[in-house]
Structure formats: structure tokens, C-alpha cells
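Contents: one structure, followed by commentary.
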Amino acid sequence: ITLRTVQNGDKFQPFGMKGFKLLSDFLKDLKLNAFEKKSIKLLVNGNNHIVWVIGYRSDNRYRVSENETNYYKFTWLENK
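Add 4 to a position in the sequence shown, counting from 1, and you land on the number used in the working numbering.
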């Protein structure tokens, strides 16, 4: 698991969607300004798949179902 910033061509499968979406399109849909887009942090796995766009949406492929017994829970706390 790695924490990183947005890279060109990043895509993920937003929670609740069947298909993939470019991260740039996802952020545009949220109507974030350029400063907000640059401050986005991503949690990615060893395959460089986005697991969580921190503070916005997780990837549907890594959702936790009610039958799961083993999983990690990550929380992002921001200093303001």
C-alpha cells in the first residue's frame, strides 16, 4: 500500500460503477479547482491500482462486503 499524488492517465472504478473512469474526469465532475486537484492523495496497492481517492471515493473492486471477515480500515486525518 502506497500513498501518492495523481499521475497522468490514472483511472479507477468508482464505488457503485461497473466501468472505469479516468481520474481526471472524476475530479472534473466534482468541480474541484486546480489547487484542490493538486492536493488529492491516492492510496494505491502493489499493482498501482487506485484503492481509494482519499476523502472522495473508493474503488469498487476493493469494496468490503458484509461477508468479509479480514480487511484493513484506513482513516485519513488532516491537520488544519
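We treat Cβ as the ideally placed atom computed from N, Cα and C, and that holds for glycine.
Computed from a predicted structure; not experimentally measured.
Contacting residues, own chain, Cβ-Cβ under 6 Å from residue i (five flanking each side not counted)
i: W56; result: L47, S62
Straight-line Cα distance separating residue j from residue i
i: I58; j: F16; result: 13 Å
i: N64; j: M21; result: 7 Å
i: N49; j: F19; result: 16 Å
i: D14; j: D29; result: 10 Å
i: F78; j: L7; result: 12 Å
i: Y75; j: I54; result: 16 Å
Given residue i as reference, the closest of the options once Cα atoms are compared
i: L34; options: Y60, G23, V10; result: Y60
i: E40; options: L81, S69, N52, T9; result: T9
Proximal residues to residue i (C-beta, below 8 Å), its chain only, five neighbours per side dropped
i: W80; result: K45, I58, G59
i: R67; result: F19
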